[in-house]
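*Asks:* Before anything else, here's the structure in question.
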Amino acid sequence: ESREIRALQKDSERLKQDAERLSTVLLEAQTKEAKHRSMSQRLLREQSIAKELLDKMRKETIAEHELGKQRMEDLEMQISDLTANLRMMSQFAKNEELSQAQIFGTIGGGGDDRGGSGKQRGKKNRRGRKKG
């Protein structure tokens with residue numbers, strides 16, 4: 006019996022040591038898990054921030070691109086207008102009669118020759134002269 010008691014005591018002691026060892030291993034594993042969980046949450050926050058920044062940069066880039074397109078269209082229109090003006094000025098300089106007609110038409114008096122009331126501008130003005 007005493008042999009059995011000693012064997013049981015040894016087994017009990019061994020099981021206590023195993024339990025303590027396993028307890029330490031479990032504690033270490035839980036510590037690692039907590040560190041990994043913390044790291045994971047930090048990385049998720051960083052990823053979220055990076056995604057927000059990327060979205061913001063995309064929106065800004067699209068807005069800048071649209072603004073650039075609008076500016077380019079405006080500049081192309083200005084170039085077109087200036088080119089047309091240069092052609093007209095060149096044509097007026099070559100053709101003295103046309104140049105004089107333009108000066109007369111722009112400087113001319115109070116609209117008595119048109120037969121209309123008040124000063125008209127643009128196409129109506131030119132159409133009015135063609136008719137009358």
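The numbers in my numbering rise by one with no breaks, and the one at position 113 of the sequence shown is 118. Glycine included, each C-beta is placed from N, C-alpha and C at the ideal position.
Can you tell me the Cα-Cα spacing of residue 91 and residue 75, whole angstroms?
*Replies:* So the two alpha carbons sit approximately 24 Å from each other.
*Asks:* Between which two residues does the alpha helix (DSSP H) containing residue 6 stretch?
*Replies:* Counting along the chain, residue 6 falls outside any alpha helix (DSSP H), and DSSP gives it neither H nor E.
*Asks:* Mapping DSSP to helix, strand and coil, what is residue 90?
*Replies:* Helix at residue 90.
*Asks:* Between the C-alpha atoms of residue 63 and residue 54, what's the straight-line distance to the nearest angstrom?
*Replies:* Approximately 14 Å between the Cα atoms of the pair.
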